[in-house]
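Chemist:
2 protein chains.
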Amino acid sequence: MVRKLDDMSLAESAQAAVGPREVRAASGRLAGTRALATRARLLDCTRQLLAGRSYRDLTAIEIARECGTSPATFYQYFPDVESAVLTVAAELAGHRGELSEIVRSANWRDRTAAETAARDLARAFMDFWGRHRSVLRVIDLSSAEGDMRFRTLRTELLNDVTNALAEAIADVRDPRRPGHLGPGTDPMAVAAVLVSMLAHVASHREGLETWGIASADTEAVMADIVCEAVAGRPSRRGS
Amino acid sequence: MVRKLDDMSLAESAQAAVGPREVRAASGRLAGTRALATRARLLDCTRQLLAGRSYRDLTAIEIARECGTSPATFYQYFPDVESAVLTVAAELAGHRGELSEIVRSANWRDRTAAETAARDLARAFMDFWGRHRSVLRVIDLSSAEGDMRFRTLRTELLNDVTNALAEAIADVRDPRRPGHLGPGTDPMAVAAVLVSMLAHVASHREGLETWGIASADTEAVMADIVCEAVAGRPSRRGS
DNA sequence: AACCGATTCTGACAGTCCGTCAGATAGCTG
DNA sequence: CAGCTATCTGACGGACTGTCAGAATCGGTT
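If you're matching them up, the sequences are chains A and B in order.
Quick note on numbering: this note's numbering labels position 193 of the first sequence as 1371, and the sequence is numbered without any gaps.
Quick note on numbering: this note's numbering labels position 29 of the second sequence as 1207, and the sequence is numbered without any gaps.
1) Using 8 Å as the threshold, is the C-beta distance between A/Val1313 and A/Leu1228 below it?
2) Run through DSSP, which three-state label would A/Trp1286 get?
3) May I have the straight-line CA-CA distance separating A/Tyr1253 from A/Leu1264, to the nearest angstrom?
4) Between B/Glu1293 and chain A, is there a C-beta pair that is closer than 8 Å?
5) Could one say the Cβ of A/Val1350 lies closer than 8 Å to chain B's Cβ atoms, at least one of them?
6) So B/Ala1292 and B/Val1408 are in contact, right, with Cβ under 8 Å, and what is the actual spacing, rounded?
7) Does the beta carbon of B/Ile1239 sit closer than 8 Å to a beta carbon anywhere in chain A?
8) If you compare alpha carbons, which of A/Arg1329, A/Arg1332 and A/Ala1346 is closest to A/Asn1285?
9) Nearest to B/Leu1299 by CA position, among B/Gly1410, B/Glu1397 and B/Glu1406, is which residue?
10) Quick one: what does DSSP say B/Ala1401 is sitting in, helix, strand or coil?
11) Between A/Ala1242 and A/Thr1251, is the Cβ-Cβ spacing less than 8 Å?
12) Does the distance from the C-beta atom of A/Cys1245 to that of A/Leu1220 stay below 8 Å?
13) Give the C-beta separation of B/Leu1236 and B/Val1259 to the nearest angstrom, bearing in mind that I take them to be a contact with Cβ-Cβ under 8 Å.
14) Any C-beta of chain A within less than 8 Å: which residues of the stretch 1384 to 1399 of chain B qualify?
15) Indicate whether at least one CB of chain A lies closer than 8 Å to the CB of B/Ile1347.
16) Beta carbon of B/Pro1303, beta carbon of B/Ala1380: below 8 Å?
17) Nearest to A/Arg1329 by CA position, among A/Ala1209, A/Arg1234, A/Ala1268 and A/Arg1217, is which residue?
18) Quick one: is B/Ser1321 buried, meaning 16 or more other Cβ sit within 10 Å of its Cβ, or exposed?
19) Identify the contact partners of B/His1378 in chain A, using a Cβ-Cβ distance below 8 Å as the criterion.
20) Please name the residue, chosen from B/Thr1224, B/Arg1301, B/Gly1210 and B/Val1266, that lies closest to B/Ala1401 on a Cα-to-Cα basis.
21) Could you list which residues in chain B have their beta carbon closer than 7 Å to that of A/Glu1406, in chain order?
22) For A/Met1304, decide whether its Cβ has a neighbour in chain B, counting only Cβ atoms nearer than 8 Å.
23) Since A/Val1368 meets chain B, which of its residues come closer than 7 Å, beta carbon to beta carbon?
24) Hey, how far is the Cα of A/Pro1365 from the Cα of B/Ala1271?
25) With DSSP run on the structure shown, which of helix, strand or coil describes A/Ala1348?
26) To the nearest angstrom, how far is the alpha carbon of B/Asp1222 from that of B/His1310?
27) Taking the alpha carbon of B/Arg1327 as the point to measure from, which residue in B/Ala1394, B/Gly1390 and B/Ala1262 has its own alpha carbon closest?
28) For A/Trp1316 and A/Tyr1233, I'd like the C-alpha separation in whole angstroms.
29) Cβ closer than 9 Å: which chain B residues qualify as neighbours of A/Ile1403?
30) Just verifying my parser: in three-state terms, what is the DSSP assignment at A/Leu1376?
31) Can you name the start and end residues of the alpha helix (DSSP H) that A/Ile1239 belongs to?
32) Run the CB neighbour count on B/Arg1217, radius 10 Å, all protein chains shown included, and call it buried at 16 or more, exposed below.
33) Out of B/Thr1224, B/Ala1369 and B/Glu1240, which one is the CA nearest neighbour of A/Asp1395?
34) Does B/Glu1334 come within less than 8 Å of chain A when only Cβ atoms are used?
35) Comparing C-alpha positions only, which one of B/Glu1323, B/Arg1332, B/Arg1289 and B/His1273 sits nearest to B/Asp1305?
36) Flag this pair as yes or no: are the beta carbons of B/Met1375 and A/Ser1393 separated by less than 8 Å?
Take a look at the structure:
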């Protein structure tokens, strides 16, 4: 019996010995070095191909070929292409701190600091999406299609920033400062909407540019909107 | 020679007799009633299946089966599954007025009217996405993947609203009214970001609800943000 | 250095889907 | 009903899926 390694990836950490969950044959053994290397190579190829082919056309055979191994080997490690992609996606969750850190470390009560933080946040989203766009696209589609594995992952990924923003909003909100979104609005809803905006614009940056809208502009606009929503608008400023 | 009908769909209108563009055999003839009916039936099934299966698993054979016809028939009308979906998607472009109308018919200089319009717009996005989510998802993915056919379509779909918003923004902008996004910001960029936000939140409504954020709240938040960005914020209001 | 057991990989196969013919069927006209 | 044309489909070669049983490889042992 060969134990499938699929679920290992979802929690690369401690609980590698979760449940037997034997999918193929005998022996509940862990993976050796060679196996781990092969698996990693397969994941690399998956990531790489995903950046080129369309998700719909990504095929198990092609991944195996690109990796210089046989299709059977692929199936040794992943039950299907989706799972391999899910695993690649799961690796992104490790970087989730990058974004929330920016939010948490800023003092949103100070106008100038807030403006800088908002700008940094927008830029960070652009960066992050730029580096991982192909994978993030798939996460988005699959989670929108209702696949809970991807939806959980997406939540995990964005949870941090969203929470951080919600906290900042709740923290800054002050009856004496005018200009916030209505006091009745749920900070979490505001945060979620902001994150959605950042994510989507980042994801379609290329399209917007094709259409004649410079990234620098969208970045600035997003920063403004974030800043307003979180820190509120000072009574005078714009033109 | 049988003429492929694929491109017909992209411009159901006048130019049905575009170019010969014979893909299969002889005779550059137009489709008869029966053919049109079959094609329409195939499109219906495509739409319907897309709502259930995941895009990745949507297969030509399945569409044909669902439709009670043979796979060969499917290929008579569409070169591949993608094209069928593209055609289904193209039909949505016909509804693009729904959204822009809301923007155009409102008087954004009047605060109350602007608030109502923004709210209506948010609701309209939610509605529209609710009705066509499965197709819109695919448009999003494919255009993000760089497929120009889908990207053009997406642009066509959102162009109207975006332009309308940009016009509204430019129109309302007035040096004496404080509270707008920086005067240097490109109205088009602002509009594009707003539309992105609306679209993405609408597309992930379900996910947000699962996560405990009520649609009514997100709707309100989006409306607020749109209103601010377009009409500017009055010097006093929130708590 | 030759052997052994466990680990890892792969050739080969049955099943399904893709995409394309040539030819069968159905509809219209006289 | 004959004849013509538009429309549909059976059937095929080729590709991908998913699963074996057995081959290749590795680490350790004598």
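Quick reminder that beta carbons are idealized off the backbone N, C-alpha and C, glycines included.
Modeler: To lay it out plainly:
1) yes
2) Of the three classes helix, strand and coil, the one that applies to A/Trp1286 here is coil, per DSSP.
3) 15 Å
4) Against chain A, the CB of B/Glu1293 has no partner CB under 8 Å away; the residue lies outside that interface.
5) no
6) 7 Å
7) no
8) A/Ala1346
9) B/Glu1397
10) If DSSP states are grouped into helix, strand and coil, B/Ala1401 belongs with the helices.
11) In terms of Cβ geometry, A/Ala1242 and A/Thr1251 form a close pair [threshold 8 Å].
12) yes
13) 6 Å
14) Glu1384, Gly1385, Leu1386, Thr1388, Trp1389, Gly1390, Ile1391, Ala1392, Asp1395, Thr1396, Ala1398 and Val1399: these are the residues of the stretch 1384 to 1399 of chain B whose beta carbon lies less than 8 Å from some beta carbon of chain A, given in chain order.
15) no
16) Reading off the sequence, residue 1303 of chain B comes out as Phe, not Pro. Yes, they are a contact pair.
17) Ranked by Cα distance from A/Arg1329, the first of A/Ala1209, A/Arg1234, A/Ala1268 and A/Arg1217 is A/Ala1268.
18) buried
19) Ser1374, Met1375, Ala1377 and His1378
20) B/Arg1301
21) Glu1406
22) no
23) Val1399
24) Their Cα atoms are separated by approximately 35 Å.
25) helix
26) 13 Å
27) B/Ala1262
28) Residue identity check: residue 1316 of chain A is Val in the sequence provided, not Trp. Taken atom to atom, the span from the alpha-carbon of A/Val1316 to that of A/Tyr1233 is near 7 Å.
29) Leu1359, Val1368, Val1371, Leu1372, Met1375, Ile1403, Glu1406 and Ala1407
30) Note: A/Leu1376 maps to helix in three-state DSSP.
31) Ala1238 to Glu1244
32) buried
33) B/Ala1369
34) Contacts with chain A at 8 Å (Cβ-Cβ) do not include B/Glu1334.
35) B/His1273
36) no
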